[in-house]
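Engineer:
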Amino acid sequence: MKRYSLTFLALGFFILAVGLSWAGVLSPYLQLILMFVGVNIMMSSSLNLVNGYMGEFSCGHAGFMAVGAYTTSLLTVWFFTTGSVFGPNLLAPAWAIVLFPFLLLFGGLIAALAGLLVAFPSFRTRGDYLAIITLAVNYIVKSAIENVQPIGGARGFMGMGRVISGMKEVADLPWMMIWTWIFAFLTMLLIKRFVSSTYGKGIIAIRDDEIAAEIMGVNTRRAKMVAFMLSSGLAGLAGGLFAHILGYINPGSFGIMKSTEALVMVYLGGMGSLSGSVLSAVVFTLLLEVLRPLQLYKWVVVPLILILLMLFRTEGLLGHRELTDSFPHLKRILGLKEKGHASL
Amino acid sequence: MFVQNIINALQWGSFYALIALGYSMVYGVLLLINFAHGDIFMVGAYIGFFVSTLLLGAYSFQLPWKLSGGLVVFLTFLLTMAITSGVGVTIERVAYRPLRRKGVSRLYVVITALMVGLLLENGNLALLGASRRNFPELIPKVLYSVGDVNFTNIKIIVIAVTLLVFLFLQTVVLKTKWGMAMRAISYDRMAVPLMGIPADTIIVMTFVLGSSMAAVAGILFAVSYPILEPYMGALVGWKAFISAVVGGIGDIRGAFVGGLILGFTEIFVAALFPSTLRDLIAFGILLLILTLRPTGIFGVARRTKV
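First to last, the protein sequences are chains A and B.
Residue 225 in the working numbering is what sits at position 225 of the first sequence, and the numbering runs on without skipping anything.
Position in the second sequence (first residue = 1) + 1000 = the working numbering.
See below:
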């Protein structure tokens, strides 16, 4: 029973969130914030894989989100809605419930392939030069999307709202909340399992000393490719969800500002700490909302908080450690530690 | 037509070159990408705006005598460079120096630099409002026409000033003791204080030089395109950074060459292709140059000892 406490906790949160949204207890504004928290968790933990665990400096995360967002949105709108861009729908809107996760995963797959664009230069360069290459890729993706006029170009693309309405006609549930949090939990599970696997250990070894890792038998090229692809794939998933939550996307929202937000969340939480990036995603999203009354001064306070954080607690909230390292009893409560070990 | 584009490219590239200088020098000395530098350019333009309008008597604080046009230009440049250097040095003292003392990994300083940049942009937006400012016309525009080619005297001034700045900085870095100290720090930061060279002073000097050049770029940009807005430094800053890297970051010639290359790429791409593809193709070409020569044109590959 105790071994599954974490799963029960996650399930309990999920049921609570979906149930309260369905019952109407949570206002649409609060539901939106909750969904954004989920998307941000996916964004920050996927970037943490490359920036934190592998020690690279990838500044272009929003570009992969854009790839995933546009791919998924184009496919869902093409399949399930009747519109001016694609014409009549190919399948009945009710199919959206079954096919949506697959289309989302397909968007993530395309984003993972786009991640190869960044993975290949990373073989030859590191650090600051890689930062520029990732920045340039971000710009190129954004520019490329802006120039494709049939899907709206810089004006943006909409129609995802009708996909969600199609799902709602089958069953009146808060579908986006359900999908967002299913994928958020899947992401966290995936990254946790990945990091504790041999691949993950290879990636951490690359951060510590790339040459030593190569000598010890870690196939650094393969590891880098896998890490970049996984990271951008998950970012693509996050992008697809983001697109369907908002119902409208435009290339401008996937520029430097979004990449900076992702960077801030990773470094706020602590490099190489999964619970750190989850925690910081929650804190950051809530902070943005709490500071909303300040209007213009919000974007003055947020960088200021981060500068102070960098000056006084450089490692971020949790540093290199996980939450269970700071609170050892949690390990027992959440059933992460096997009972029966003699305590030293 | 071709010559017209060349002149435009030279002028446009000069702005990138002047800002890329600041990135290059700070990177050469500190191995830090000062992402706030593009916003120091913006701050320089705004300070130039306030100084020049003050000198031209637009505010209630009137100077007891009327200044001639040339003197206004000279004083604007001087005062703006001084105040912008002050801003740059303050940023260094407050944000970068404590982290340097702690000895943390460079990544954290870069994040701080990003945040400082955001702070400057949004602070400007919050304090001064979103309305754009009109820069006063300090240098009256004179249009010249040589055959098919039209250019204003301002374009010539920009190109000339950039050339002068390049020669000045080359002299400082290669021929003076301070320049030698700057180059020494880029080779071995630990050994320099042991030799009796005040490393902190050199770093402050680097920031002063970089910020003054960004201020010069700011004023020239404002004179050429007289609309000021808080986010003008963001995109220009990123592009200048990329041009610094393409030219070889840490090297002053690299900053100039990189800036001019980016200027040429943008102008000629905009001339030959539809203008919406400009950013896309320019960045693509830059990626290509970086793939072929990862350390940039004048850059030196740093060897890491195993």
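Backbone N, C-alpha and C define an ideal beta-carbon position, used for all residues, glycine too.
In the DSSP output, which residue or residues are listed as bridge partners for Y1144 (chain B)?
Structural biologist: BP columns for Y1144 (chain B) point to B:F1151.
Engineer: Can you find the residues in the same chain that come closer than 7 Å, C-beta to C-beta, to M1001 (chain B), ignoring five residues on each side of it along the sequence?
Structural biologist: Same-chain partners within the cutoff: D1148.
Engineer: Who pairs with L1228 (chain B) in a beta bridge, going by DSSP?
Structural biologist: For L1228 (chain B), which the question treats as bridged, DSSP gives the partners B:R1133.
Engineer: Name, please, each residue of chain B whose Cβ falls closer than 7 Å to the Cβ of D128 (chain A).
Structural biologist: The contacting residues are I1033.
Engineer: Take M1025 (chain B) as the anchor and find which of B:T1265, B:L1272, B:A1240, B:G1070 has the nearest alpha-carbon.
Structural biologist: Considering only alpha carbons, the answer is B:A1240.
Engineer: Less than 8 Å separating the beta-carbons of K142 (chain A) and G19 (chain A)?
Structural biologist: In this structure, G19 (chain A) does not lie closer than 8 Å to K142 (chain A) by Cβ.
Engineer: Hey, out of A:R332, A:I97, A:L311, whose CA is closest to V1104 (chain B)'s CA?
Structural biologist: When each option's Cα is compared against that of V1104 (chain B), the closest is A:L311.
Engineer: Name the one or two DSSP bridge partners that I249 (chain A) has.
Structural biologist: I249 (chain A) is bridged to A:F157.
Engineer: Whose Cβ in chain B lies nearer than 9 Å to the Cβ of M225 (chain A)?
Structural biologist: The premise fails here: M225 (chain A) is roughly 17 Å from chain B at the closest Cβ pair, so nothing lies under 9 Å.
Engineer: Could you say which of A:I164, A:F185, A:I204, A:W175 lies nearest to G12 (chain A) if we only look at CA atoms?
Structural biologist: Answer by Cα proximity: A:F185.
Engineer: Can you name, in chain order, every residue of its own chain whose Cβ lies under 8 Å from the Cβ of S326 (chain A), other than the five neighbours on each side?
Structural biologist: If we look at S326 (chain A) and ignore the five residues flanking it on each side, its Cβ neighbours are L318.
Engineer: Measuring only the C-alpha atoms, how far is H341 (chain A) from R332 (chain A)?
Structural biologist: Caution applies to H341 (chain A), whose pLDDT of 49 falls short of 50 and renders its modelled position unreliable; the model cannot decide the point.
Engineer: Answer yes or no: does any C-beta atom of chain B fall closer than 8 Å to that of R222 (chain A)?
Structural biologist: False, the Cβ-Cβ gap to chain B never drops below 8 Å.
Engineer: Any beta-carbon of chain A closer than 8 Å to the one on I1203 (chain B)?
Structural biologist: So, not an interface residue.
Engineer: Classify P293 (chain A): buried if its beta carbon has 16 or more other beta carbons within 10 angstroms, exposed otherwise.
Structural biologist: With fewer than 16 Cβ atoms within 10 Å of its Cβ, P293 (chain A) is classed as exposed.
Engineer: With 8 Å as the threshold, decide whether the Cβ of T125 (chain A) is near any Cβ in chain B.
Structural biologist: So yes, T125 (chain A) belongs to the interface.
Engineer: Quick check: what's the CA-CA separation for A1082 (chain B) versus F183 (chain A)?
Structural biologist: When rounded, the distance between both Cα atoms is 53 Å.
Engineer: Within a Cβ cutoff of 7 Å, which residues of the same chain sit near A119 (chain A), ignoring the five residues on either side of it in sequence?
Structural biologist: Closer than 7 Å at the Cβ level, and outside the excluded window around A119 (chain A), lie K224, M225, F228, M229.
Engineer: Among A:M35, A:S46, A:G38, which has the Cα closest to the Cα of L190 (chain A)?
Structural biologist: For L190 (chain A), the nearest C-alpha among the options comes from A:S46.
Engineer: Check the Cβ of L1228 (chain B) against every Cβ in chain A and list those closer than 9 Å, keeping chain order.
Structural biologist: Residues of chain A passing the Cβ test: none, with the nearest at roughly 17 Å.
Engineer: I1252 (chain B) and L1021 (chain B) look like a contact to me (Cβ under 8 Å); what is the Cβ gap, rounded to whole Å?
Structural biologist: Contact holds; Cβ gap of about 6 Å.
Engineer: Consult DSSP for G276 (chain A) and reduce its assignment to one of helix, strand or coil.
Structural biologist: If DSSP states are grouped into helix, strand and coil, G276 (chain A) belongs with the helices.
Engineer: Along chain A, in chain order, which residues have C-beta atoms closer than 7 Å to that of G1284 (chain B)?
Structural biologist: Those are I140, listed as they occur along chain A.
Engineer: When the Cα atoms are used, what is the spatial distance from G982 (chain B) to G1254 (chain B)?
Structural biologist: The requested residue 982 (chain B) is not part of the displayed model; chain B covers only 1001 to 1306.
Engineer: Going along chain A, which residues have a C-beta under 7 Å from P1098 (chain B)?
Structural biologist: Here the neighbours are L311.
Engineer: Considering F1050 (chain B), what are the terminal residues of the alpha helix (DSSP H) in which it resides?
Structural biologist: Unbroken alpha helix (DSSP H) run through F1050 (chain B): 1037-1055.
Engineer: Do you know whose CA, among B:A1199, B:A1271, B:R1097, B:F1264, lies nearest G1286 (chain B)'s CA?
Structural biologist: According to the sequence as given, residue 1286 (chain B) is Leu; it is not Gly. Answer by Cα proximity: B:F1264.
Engineer: Using a Cβ cut-off of 7 Å, which residues of the region 47-67 of chain A contact any Cβ in chain B, in chain order?
Structural biologist: Per Cβ criterion, the list reads F57.
Engineer: For G217 (chain A), does the three-state DSSP call read helix, strand or coil?
Structural biologist: Three-state DSSP puts G217 (chain A) in coil, outside helix and strand.
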